[in-house]
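Student:
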């Protein structure tokens with residue numbers, strides 16, 4: 537146990553209490569930095585909660601209006617609106633929030649709100665947005681986070697978990713620009729554990745086959761089972777995979793703890809997701825059912841928030857095979873503590889690691905590596 541980092545974790549409560557409260561002022565028109573999908577959705581959510589949205593600002597706008605509101609460049613905006621509340625309406629893995637905040641301030645903004653400052657105001661209207669949630673949810677789970685930290689096997693992982701929690705509380709904005717330099721999924725943590733052997737690979741959330749093809753370039757893949765429920769993604773997947781070259785099966789299924797039909801937001805490429813409000817429907821199944829009696833060497837799960845259910849549906853496969861696992865850790869706020877704790881209960885004699893692979897705590901991955909196979 538790293539007692540200094542545990543103490544730092546527990547100090548988040550006091551640090552958050554001492555943090556100046558950021559609340560969108562009532563009766564004051566709000567501007568939104570960014571007119572992409574998140575920015576537009578934020579505009580609608582703010583309007584539905586009674587906030588007046590004056591317009592949008594971007595560095596290089598390609599149009600002059602969005603949602604019937606003006607879209608200014610920074611020069612136009614800074615002439616008259618620097619004192620207005622400005623919400624950062626960009627939320628992705630590619631553009632660090634600390635740099636976006638700095639850019640806004642460099643252009644005269646003096647009242648900037650980052651996503652954790654306003655997420656609680658528009659929670660219902662904005663809906664699921666990966667890890668974004670009311671910061672108080674994290675504070676209520678410090679005990680679980682502490683237990684999860686104790687199960688991690690190196691200080692880099694413990695530091696990563698702590699920094700992610702602080703970042704999502706608005707206490708460590710510079711972490712937005714951080715990422716580890718090791719490759720996602722296939723790095724010394726995983727490949728060294730497989731010792732150059734031929735690999736039987738399961739890819740939950742195979743997208744267009746990019747992860748599978750990368751693994752094939754690094755080592756010998758004996759068999760592969762590629763699961764992708766989105767119809768457009770699945771078509772791309774099948775078109776890219778030469779199934780005559782290797783034993784590979786592409787399956788148009790999502791993964792869960794049992795068979796079922798779920799609502800799904802399709803057609804968003806990497807952003808396709810399970811959602812109660814989804815307009816499409818997908819079939820999901822448990823790995824223990826689909827691969828009953830099989831053994832595998834590597835399981836990767838990037839299943840848009842269903843990682844915990846997929847784990848429960850693979851319990852027998854995991855205990856029988858003792859594979860290396862790589863799980864996305866950013867789709868839901870509770871993933872940060874629930875996934876390490878769940879995996880620890882079903883994986884004896886494993887080491888657990890967290891690595892951060894893109895900005896804003898997106899593409900954080902939980903790795904589970906068996907001591908012996």
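Residue numbers (our numbering): 537 to 909. We put the beta carbon where it would ideally sit given N, CA and C, even for glycine. Everything numeric in this text was worked out from a predicted model, so none of it was measured.
Please list, in chain order, all residues of the same chain as residue 865 whose beta carbon is under 7 Å from its beta carbon, the five residues on each side excluded.
Tutor: Locating residue 865 in the chain shown gives position 329, where the first residue counts as 1. Only 871, 872, 875, 890, 900, 901 and 902 meet the Cβ criterion.
Student: Whether or not the stretch 571-578 and the stretch 617-627 are in contact is what I'm after, with contact meaning three or more pairs of Cβ atoms, one per stretch, closer than 8 Å; do they touch?
Tutor: These segments touch.
Student: Pick helix, strand or coil for residue 856, following the three-state DSSP scheme.
Tutor: Locating residue 856 in the chain shown gives position 320, counting from the first residue. Reduced to three states, the DSSP call for residue 856 is helix.
Student: From the DSSP output, in three-state form, read off residue 770 for me.
Tutor: One-based indexing of the chain shown puts residue 770 at position 234. It is helical.
Student: Any chance you could list the alpha helix (DSSP H) runs of at least 4 consecutive residues sitting entirely within the stretch 659-691, in chain order?
Tutor: Segments of the alpha helix (DSSP H) lying fully in the stretch 659-691: 659-662, 671-675 and 678-686.
Student: Using 10 angstroms around the beta-carbon of residue 836, count the other beta-carbons present and answer buried if the total reaches 16, otherwise exposed.
Tutor: Working through the chain shown from its first residue, we reach residue 836 at position 300. Buried, because 16 or more other Cβ atoms sit within 10 Å of the Cβ of residue 836.
Student: Would you give the residue range spanned by the alpha helix (DSSP H) that residue 575 belongs to?
Tutor: Taking the first residue of the chain shown as position 1, residue 575 is located at position 39. 573-584 is the span of the alpha helix (DSSP H), which, as asked, contains residue 575.
Student: Over what stretch of residues does the alpha helix (DSSP H) that includes residue 715 continue unbroken?
Tutor: Here residue 715 is taken as the residue at index 179 of the chain shown, counted from 1. That residue, residue 715, is in no alpha helix (DSSP H); it is neither H nor E in DSSP.
Student: Give, in chain order, every unbroken run of the beta strand (DSSP E) that is at least 3 residues long and sits entirely within the stretch 712-763.
Tutor: Counting whole runs of 3 or more residues, the stretch 712-763 contains the beta strand (DSSP E) stretches 735-740 and 757-763.
Student: Enumerate in chain order the residues of its own chain whose CB-to-CB distance from residue 618 is below 7 Å, with the five nearest sequence positions on each side excluded.
Tutor: Taking the first residue of the chain shown as 1, we reach residue 618 at position 82. Closer than 7 Å at the Cβ level, and outside the excluded window around residue 618, lie 644, 645 and 646.
Student: For residue 832, which of 795, 776 and 757 has the nearest alpha-carbon?
Tutor: Counting from one through the chain shown, the residue named residue 832 turns up at place 296. Per the Cα distances, 757.
Student: Pull up the distance between the alpha-carbon of residue 633 and that of residue 570, whole angstroms please.
Tutor: Position 97 of the chain shown, counted from the first residue, corresponds to residue 633. Position 34 of the chain shown, counted from the first residue, corresponds to residue 570. Cα to Cα, residue 633 sits roughly 12 Å from residue 570.
Student: Does the beta carbon of residue 733 fall short of 6 Å from some heavy atom of the ligand SAH?
Tutor: Absent from the structure shown: the ligand SAH. Ligands present: none.
Student: Taking the C-alpha atoms as reference points, what is the distance between residue 818 and residue 792?
Tutor: On the chain shown, position 282 is the one that residue 818 refers to. On the chain shown, position 256 is the one that residue 792 refers to. So the alpha carbons of these two residues sit roughly 11 Å apart.
Student: Just to confirm my understanding: we take residue 770, look at its own chain, exclude 5 residues before and 5 after, and list those with CB closer than 6 Å. What are they?
Tutor: Within the chain shown, the letter at position 234 stands for residue 770. Correct list, in chain order: 764 and 788.
Student: Please list, in chain order, all residues of the same chain as residue 908 whose beta carbon is under 7 Å from its beta carbon, the five residues on each side excluded.
Tutor: Residue numbering aside, residue 908 sits at position 372 when the chain shown is read from its first letter. If we look at residue 908 and ignore the five residues flanking it on each side, its Cβ neighbours are 885.
Student: Output needed for residue 773: all residues of its chain with C-beta closer than 8 Å, excluding positions within five of it in sequence on either side, in chain order.
Tutor: For the purposes of this step, residue 773 is taken as the residue at position 237 of the chain shown. So the list reads 742, 743, 744, 745, 762, 764 and 786, once near-sequence residues are dropped.
Student: Hey, quick one: how far does the beta strand (DSSP E) through residue 902 stretch, first residue to last?
Tutor: Position 366 of the chain shown, counted from the start, is the residue given in the question as residue 902. Run containing residue 902: 900-906, per the beta strand (DSSP E) assignment.
Student: Rounded to whole angstroms, what's the CA-CA distance from residue 620 to residue 565? Just pull it up for me.
Tutor: Here residue 620 refers to the residue found at position 84 when the chain shown is read from its first residue. Here residue 565 refers to the residue found at position 29 when the chain shown is read from its first residue. So the two alpha carbons sit approximately 7 Å from each other.
Student: What did DSSP end up calling residue 651 once you bin it into helix, strand or coil?
Tutor: Here residue 651 refers to the residue found at position 115 when the chain shown is read from its first residue. Reduced to three states, the DSSP call for residue 651 is helix.
Student: By DSSP, does residue 542 sit in helix, in strand, or in coil?
Tutor: Residue 542 sits at position 6 when you count from the first residue of the chain shown. DSSP places residue 542 in helix when its eight states are reduced to three.
Student: Assign residue 641 to one of two classes, buried (16 or more other C-beta atoms within 10 Å of its C-beta) or exposed (fewer than that).
Tutor: Against the chain shown, residue 641 aligns to sequence position 105. Residue 641 is exposed by the Cβ-count criterion.
Student: Do the stretch 709-723 and the stretch 681-688 make contact, defined as three or more Cβ pairs closer than 8 Å?
Tutor: Contact fails: fewer than three Cβ-Cβ distances are below 8 Å.
Student: Buried or exposed, going by whether 16 or more other CB atoms sit within 10 Å of the CB of residue 726?
Tutor: Residue mapping note: residue 726 aligns to position 190 of the chain shown, counting from 1. By the neighbour-count rule (16 or more Cβ atoms within 10 Å), residue 726 is buried.
Student: In terms of alpha-carbon separation, which member of 863, 855, 896 and 895 lies closest to residue 883?
Tutor: The residue labelled residue 883 in the question sits at position 347 within the chain shown. Of 863, 855, 896 and 895, the residue nearest in Cα terms is 855.
Student: My assumption, with CB atoms under 8 Å, is that residue 841 sits in contact with residue 868. Please give the rounded CB distance.
Tutor: The sequence position of residue 841 within the chain shown is 305, counting from 1. The sequence position of residue 868 within the chain shown is 332, counting from 1. Indeed they touch by this definition, with Cβ atoms about 5 Å apart.
Student: Tell me which residue opens and which closes the beta strand (DSSP E) that residue 816 is part of.
Tutor: Taking the chain shown and counting its residues from 1, the one referred to as residue 816 is at position 280. Start and end: 816-821.
Student: Between which two residues does the alpha helix (DSSP H) carrying residue 783 extend?
Tutor: Residue 783 sits at position 247 when you count from the first residue of the chain shown. Here residue 783 belongs to no alpha helix (DSSP H); instead the beta strand (DSSP E) covers 783-787.
Student: Which residues bound the beta strand (DSSP E) around residue 608?
Tutor: The residue you call residue 608 lines up with position 72 of the chain shown. Residue 608 -> beta strand (DSSP E) spans 605-608.
Student: Give me whichever residues DSSP pairs with residue 626 in a beta bridge.
Tutor: The sequence position of residue 626 within the chain shown is 90, counting from 1. Paired residues: none, contrary to the question.
Student: Do residue 905 and residue 860 have their C-beta atoms within less than 7 Å of each other?
Tutor: Numbered from its first residue, the chain shown carries residue 905 at position 369. Numbered from its first residue, the chain shown carries residue 860 at position 324. A contact, by the Cβ cut-off of 7 Å.
Student: Could you give the first and the last residue of the continuous alpha helix (DSSP H) run that contains residue 879?
Tutor: Reading the chain shown from its first residue, position 343 is the one you call residue 879. Segment 871-882, the alpha helix (DSSP H) holding residue 879.
Student: If you compare alpha carbons, which of 588, 551 and 581 is closest to residue 562?
Tutor: Sequence index remark: in the chain shown, residue 562 carries index 26 (1-based). Closest by alpha carbon: 588.
Student: Would you identify the three-state DSSP class for residue 552, choosing helix, strand or coil?
Tutor: Within the chain shown, residue 552 is the residue found at index 16, counting from 1. Looking at residue 552 - three-state DSSP - the assignment turns out to be helix.
Student: Using CA coordinates, which residue listed in 595, 798 and 559 is at the minimum distance from residue 648?
Tutor: As a working note, residue 648 is residue 112 in the chain shown. Out of 595, 798 and 559, 559 has the C-alpha closest to the C-alpha of residue 648.
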